[in-house]
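A.B. asks: Numbering (our numbering), first residue to last: 5 to 546. Quick reminder that beta carbons are idealized off the backbone N, C-alpha and C, glycines included. Here it is, the structure, as structure tokens.
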């Protein structure tokens, strides 16, 4: 009897509100056919509903407070600084490593937050967080020699060929073709990897393939897809108006080809790490709100953070070329130091009780605690009061018409539990929606008044980190088709439950506990520069 086999297909950011109408219209024939024989449901993400923490929960079966990954970056205790994080800081063992140790062969491609790669019996290629500059860096795969054999025929898995922070004339029209080509290239790589492993007598019992293009297209083309969006552009080209559907059609063809190649008798799970929706025309400046409420003060001398942002953006635009990395080293600065200065520079710590990193990927506020922060001033006996003041400042924040800016705000201990709760901001919050469209956080422009701004004109197209026109929602997707009946009947309570479903189907013991200590393995100077450049190209660094 053939051993149980599982194929997991990840569509980053996929949302049923997009998929079902496309299936009903016959534009996603594979998914439509699977829905007729499958269990499907929403798949709740984590808080925040962002790629790094969500895919880490997918991998380990643990919530962020137990695996320790909350964002692409982590604020450093005792310093007004951040570091770029990677999978070495993640506690808990990913399900593919447990499966590999139990004798199952594995193919894992493109899962975010998997660098440095786990050594599996098979091949693991990390997602966009791998510090690659050209797409040809086999050294960043779990088996460089095997990766090179596959890439020789199929090309590289990832080629950073789309700068999402650059919205020059015609960018949106050109980007669609790039996204479609990336899907084709990843499909080709995955099919070739399956073939090579089979030819080597190492056919995988577990395959995971994640496509990020579904997330990218929603961030940049939601307003063109959704005629009700407050950012909708009725004059958009036909290419823009059909971009989202075109990408999903290509993804449908890709997942159909992968299931056919892997074997339709195997269990097939289709998942996303979060959902998607539209953005409102409002952008919010959290540190300006804290300043207006007397919780944050600026230095009188000028705008260090503004200068740092300009320096960072200039450097990251030209990274990762070797010359630019040399400039970083000669200046005794790193990408993380520049990002830290951009987030925290210009704040008068002697007069500040609370501050935000002002990033959409982790909406939160830190207290300037004495004994924890370098120049902390909030003593322990006042911490609870200041935290209440922060929560009140956020919840009392209103739009001109009286609607809330913030949907909810809570102390981190009410959201998370586990050994890594201290890595989250002291107050965690979620922005409200306006007529179903979510607001966006943008770094405070201190030369301009007001904690709220309404976008207009060319600004409505946005840019990730600058008010994208498509934003995340908590509910992703779940679909189970093929395989044994008990797998098809599964309805996971959240993304952290997927690991258990996979392991049960494979017949492998589920031992997620989160107690394995996570030892940070810092990026080298060159790797950090490359990762920063990738995150900027994806728009995550504003």
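Nearest to residue 379 by alpha carbon, out of 359, 475 and 295?
C.D. replies: Minimum Cα distance to residue 379 is reached at 359.
A.B. asks: Count the other CB atoms within 10 Å of the CB of residue 230; is the residue buried (16 or more) or exposed (fewer)?
C.D. replies: By the 16-neighbour rule on beta-carbons within 10 angstroms, residue 230 is buried.
A.B. asks: Taking just the CA atoms, how far does residue 78 sit from residue 316?
C.D. replies: No answer about residue 316 holds up, because its pLDDT of 49 lies below 50 and its placement is not dependable.
A.B. asks: I'd like the list of long-range same chain contacts for residue 384, defined as Cβ closer than 8 Å, with 5 residues on each side in sequence excluded.
C.D. replies: Apart from sequence neighbours up to five positions away, the residues of its chain that approach residue 384 with a beta-carbon distance below 8 Å are 373, 374 and 375, ordered along the chain.
A.B. asks: Counting pairs of Cβ atoms below 8 Å between the stretch 204-220 and the stretch 12-27, do you hit three or more?
C.D. replies: The stretch 204-220 makes contact with the stretch 12-27; the number of CB pairs closer than 8 Å reaches 3 or more.
A.B. asks: Contact between the stretch 109-123 and the stretch 393-403 is defined here as three or more beta-carbon pairs at a separation below 8 Å; is this criterion met?
C.D. replies: no
A.B. asks: What's the C-alpha gap between residue 397 and residue 445?
C.D. replies: 16 Å
A.B. asks: Taking 7 Å as the limit between beta carbons, can you name the residues of its chain near residue 7, skipping five residues before and five after?
C.D. replies: 209
A.B. asks: Considering only the beta carbon of each residue, do residue 431 and residue 415 sit closer than 9 Å?
C.D. replies: Contact flag set, yes.
A.B. asks: Less than 9 Å between the beta carbons of residue 3 and residue 441, yes or no?
C.D. replies: Residue 3 falls outside the range modelled here, since the chain spans only 5 to 546, and no answer is possible.
A.B. asks: For residue 269, name the three-state secondary structure that DSSP assigns.
C.D. replies: coil
A.B. asks: Determine the closest residue to residue 42 out of 505, 491 and 148, with distance taken between C-alpha atoms.
C.D. replies: Answer by Cα proximity: 491.
A.B. asks: Taking only beta-carbon atoms, is residue 504 less than 9 Å away from chain B?
C.D. replies: Protein chains in the displayed structure number just one, and chain B is not present.
A.B. asks: Flag this pair as yes or no: are the beta carbons of residue 11 and residue 257 separated by less than 9 Å?
C.D. replies: Cβ atoms of residue 11 and residue 257: not closer than 9 Å.
A.B. asks: Under 8 Å by Cβ, that's how I've got residue 62 and residue 502 pegged, so tell me the actual separation to the nearest angstrom.
C.D. replies: 5 Å
A.B. asks: With 16 other CB atoms within 10 Å as the buried threshold, where does residue 269 fall?
C.D. replies: Under this definition residue 269 is an exposed residue.
A.B. asks: CB-CB under 8 Å to residue 336, same chain, minus the five flanking residues each way: which ones, in chain order?
C.D. replies: Its pLDDT being 35, under 50, residue 336 is placed unreliably in this model, and the coordinates cannot settle the point.
A.B. asks: Quick check on residue 494: does DSSP put it in helix, strand or coil?
C.D. replies: coil
A.B. asks: Taking 9 Å as the threshold (C-beta atoms), are residue 144 and residue 507 in contact?
C.D. replies: no
A.B. asks: At what residue ranges does the stretch 177-235 contain a whole run of the beta strand (DSSP E), taking only runs of 3 or more?
C.D. replies: 210-215
A.B. asks: Run through DSSP, which three-state label would residue 415 get?
C.D. replies: strand
A.B. asks: Mind checking which residues open and close the alpha helix (DSSP H) that includes residue 488?
C.D. replies: Counting along the chain, residue 488 falls outside any alpha helix (DSSP H), and DSSP gives it neither H nor E.
A.B. asks: Could you have a look at residue 13 and say whether DSSP puts it in helix, strand or coil?
C.D. replies: strand
A.B. asks: Need the endpoints of the alpha helix (DSSP H) that residue 295 sits in, please.
C.D. replies: 290-296
A.B. asks: Which residue or residues does DSSP assign as beta-bridge partners of residue 46?
C.D. replies: 481
A.B. asks: Sort 291, 386, 135 and 150 by Cα distance to residue 2 and report the nearest one.
C.D. replies: Here the chain comprises residues numbered 5 to 546, so residue 2 is not present and cannot be evaluated.
A.B. asks: Since residue 156 is in the alpha helix (DSSP H), which residue starts that stretch and which ends it?
C.D. replies: 148-158
A.B. asks: Kindly identify the DSSP beta-bridge partner or partners of residue 476.
C.D. replies: Residue pairing by DSSP places residue 476 opposite 280 in a beta bridge.
A.B. asks: State the DSSP-derived secondary structure class of residue 427, mapped to helix, strand or coil.
C.D. replies: helix
A.B. asks: I'd like to check one pair, residue 499 with residue 274: are the Cβ atoms closer than 9 Å?
C.D. replies: Contact: no.
A.B. asks: I'd like to confirm the pairing. Which residues does DSSP put opposite residue 500 in its beta bridges?
C.D. replies: Partner(s): none; residue 500 has no beta bridge.
A.B. asks: For residue 251, which of helix, strand or coil comes out of DSSP?
C.D. replies: Correct three-state label for residue 251: helix.
A.B. asks: Check the DSSP bridge columns for residue 358 and list the partner residues they point to.
C.D. replies: Partner(s): 371.
A.B. asks: Tell me the DSSP secondary structure of residue 408 in three-state form.
C.D. replies: strand
A.B. asks: Taking a contact to mean a Cβ-Cβ separation below 9 Å, would you say residue 57 touches residue 90 in this structure?
C.D. replies: no
A.B. asks: In chain order, what residues of the same chain have a beta carbon less than 7 Å from the beta carbon of residue 55, not counting five sequence neighbours either side?
C.D. replies: 16, 116 and 277
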